[in-house]
């Protein structure tokens with residue numbers, strides 16, 4: 184069995200020119216940067232800092248954000264180099280196919296589907312909860328004096344089954360925008376992202392008005408300062424590293440900071456979606472690296488500023504006392520509500536910001552999900568019929584409709600809140616292989632180019648040291664996730680292996696006739712390599 188058969192970079196690029204299965208290049212560097220900012224800045228910036236501060240790290244949550252940001256930055260460099268060599272849809276899946284072979288590529292593609300689908304589901308579910316908050320804040324919903332729901336609510340009962348109608352409408356509208364065209368959806372996302380960033384900046388300014396340096400002490404609290412609730416961790420809720428090391432706690436001190444980094448990593452989820460849009464980008468060798476790194480830099484800066492402002496507004500104990508679950512549901516809104524003289528409009532502004540922020544996150548995650556499925560379908564690892572694109576719009580409408588239906592069913596009828604860490608582990612596993620794949624890519628390119636790497640591609644500095652460091656750090660963050668998440672991840676992988684061996688391996692385009700496939704792409708390669716990416720595909724020949 185040729186489980187490690189690899190698709191060449193040249194064939195990968197040429198495959199993007201296949202009639203009826205090609206995407207239109209309409210995006211520039213700014214469009215990609217907007218995509219990155221829009222998908223990264225969501226509920227995480229409003230909730231994760233408060234939750235982790237209250238339950239794991241205290242004020243040192245800022246260090247957790249820095250650690251997560253550094254890990255993401257290193258992985259982003261690796262993504263940028265891969266995207267420079269292979270400006271096609273599929274992101275880490277496509278990169279791994281060319282560097283490590285089909286089996287590992289399938290695993291990464293399967294993990295990316297896990298990341299994008301469950302992230303979109305979790306964020307869409309959160310959107311519904313904040314939609315209810317939005318209705319309450321503006322007097323359109325809520326409960327009466329007897330605790331009976333009144334007014335408008337996102338969740339309704341259909342024959343005894345709860346259904347989130349507002350969330351369903353959101354998914355349908357976003358799917359329609361994406362099906363109409365990536366450029367249009369990017370413009371809509373750009374407007375919403377500008378509103379979101381403006382609100383985040385306003386929160387930072389107002390938050391620092393209530394900043395007290397005394398709230399930062401102790402900066403790294405001891406585990407005991409988090410109270411008895413932290414001493415009842417079970418094996419399933421312990422981080423894998425703590426469990427293997429025989430440690431009892433993963434809160435407070437250095438262990439708390441490291442565990443917090445694994446948790447706040449969710450706030451960075453999605454920047455790799457930019458790489459999935461490489462095939463729709465003009466001059467991707469220049470614009471994709473700029474889009475990925477520029478967007479991530481802006482987001483990391485905003486996260487650090489918000490976490491500092493939050494830590495100065497409220498102590499971890501105050502956040503725990505203000506929430507019924509000991510800080511697990513704490514948000515930046517909680518910190519504002521603890522201020523006696525906080526402006527009454529602060530809650531309204533933050534609620535609007537969160538709702539707008541979550542809207543853009545869901546849209547871009549849906550974009551990334553469809554592009555991963557599209558790439559795997561075009562390669563035959565999933566049914567090829569799904570990868571046909573609209574001749575007029577240049578978008579995979581079939582996949583877009585199918586994923587929207589699944590998202591509505593899963594998100595609007597079921598609880599998906601417990602799957603947040605599944606998103607983290609799926610993303611980090613992709614980061615690991617992309618990072619370790621860079622030295623392999625370099626070695627292959629050196630052999631193919633006679634000992635030289637083309638100068639017109641983006642390159643990770645200090646390779647192979649930096650990519651290896653990136654991969655090791657991503658593995659370390661994976662170890663900071665709980666045992667229960669690892670068990671669920673193993674079940675997901677087992678399901679993925681079953682699908683691959685029952686369908687993907689037998690129907691792979693590369694596996695059917697690799698020698699003929701290479702011959703078919705040889706002529707396309709001569710025109711695909713080195714041409715101006717702004718040139719329309721159909722005019723390259």
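Residue numbers (this note's numbering): 184 to 724. Where a beta carbon is used, it is the ideal one built from N, C-alpha and C, also for glycine.
Under the three-pair Cβ rule at 8 Å, the segment 588-596 does not count as touching the segment 560-570. Between residue 546 and residue 361, the C-beta gap is smaller than 8 Å, which places the two residues in contact.
Annotation note: the segment 468-520 contains the following uninterrupted alpha helix (DSSP H) runs of length 4 or greater, listed N- to C-terminal: 499-504, 515-520.
Using a Cβ-Cβ distance cut-off of 8 Å, the segment 460-476 and the segment 233-243 are not in contact, since fewer than three pairs of beta carbons, one from each stretch, lie closer than that value. Note on residue 661: 16 or more other CB atoms within 10 angstroms of its CB, so buried under the neighbour-count rule. DSSP places residue 363 in the uninterrupted alpha helix (DSSP H) bounded by 348-363.
Within the same chain, Cβ atoms closer than 6 Å to the Cβ of residue 581 are found at 569, the five residues on either side in sequence being excluded.
In this structure, the CA atom of residue 521 is about 15 Å from the CA atom of residue 507. Nearest neighbour of residue 595 by Cα position, chosen from 318, 209, 355, turns out to be 355. If you draw a 10 Å sphere on the C-beta of residue 524, you find fewer than 16 other C-beta atoms in it, and that means exposed. For residue 320, the uninterrupted alpha helix (DSSP H) run begins and ends at 285-320, by DSSP.
For the 8 Å CB-CB criterion, residue 542 and residue 310 form a contact.
Below 8 Å, too few C-beta pairs join the segment 613-623 and the segment 222-235 to call them touching: fewer than three. Sequence-distant partners of residue 690 (beyond 5 residues in either direction) whose C-beta falls short of 6 Å from its own C-beta, in its chain, are 563.
In terms of CA proximity to residue 583, 556 leads the group 213, 393, 652, 556. Boundaries of the alpha helix (DSSP H) around residue 586: 580-596. For residue 235 and residue 627, the gap between their C-alpha atoms comes out near 43 Å. Between residue 233 and residue 476, the beta carbon gap of about 28 Å keeps them out of contact (Cβ cut-off 8 Å). Between the segment 486-505 and the segment 209-217 there are fewer than three inter-stretch CB-CB distances shorter than 8 Å, so the stretches are not counted as touching. Under the three-state reduction of DSSP, residue 646 is assigned to coil, being neither helix nor strand.
In the three-state reduction of the DSSP assignment, residue 341 falls in the strand class. With respect to the 8 Å criterion, residue 536 and residue 383 are classified as neighbours on the basis of their beta carbons. Contact between residue 320 and residue 548 is ruled out by a C-beta separation of about 26 Å, above the 8 Å threshold. By the neighbour-count definition (other C-beta atoms within 10 Å, threshold 16), residue 421 is a buried residue. Taking 8 Å as the upper bound for CB-CB distance, residue 539 and residue 379 are in contact here, some 5 Å apart.
Within the same chain, and ignoring the five residues on either side of residue 300 in sequence, the residues whose Cβ sits closer than 7 Å to its Cβ are 552. The alpha-carbon separation between residue 248 and residue 447 amounts to approximately 6 Å.
Counting every other CB atom within 10 Å of its CB across the protein chains shown gives residue 308 a total of 16 or more, marking it as buried. Straight-line spacing of the CA atoms in residue 376 and residue 683 works out to 38 Å. If you draw a straight line from the Cα of residue 403 to the Cα of residue 435, it comes to about 7 Å.
Its Cα nearest to that of residue 449, the residue 544 stands out among 544, 387, 386. With fewer than 16 other Cβ atoms from the protein chains shown falling within 10 Å of its own Cβ, residue 644 counts as exposed. In the displayed model, residue 562 falls within coil according to three-state DSSP, outside both helix and strand. Around the beta carbon of residue 285, 16 or more other beta carbons sit within 10 angstroms, so the residue counts as buried.
Within a 10 Å sphere around the beta-carbon of residue 264 sit 16 or more other beta-carbons, which makes this residue buried. Where residue 209 is concerned, there is no enclosing alpha helix (DSSP H), because DSSP gives it neither an H nor an E.
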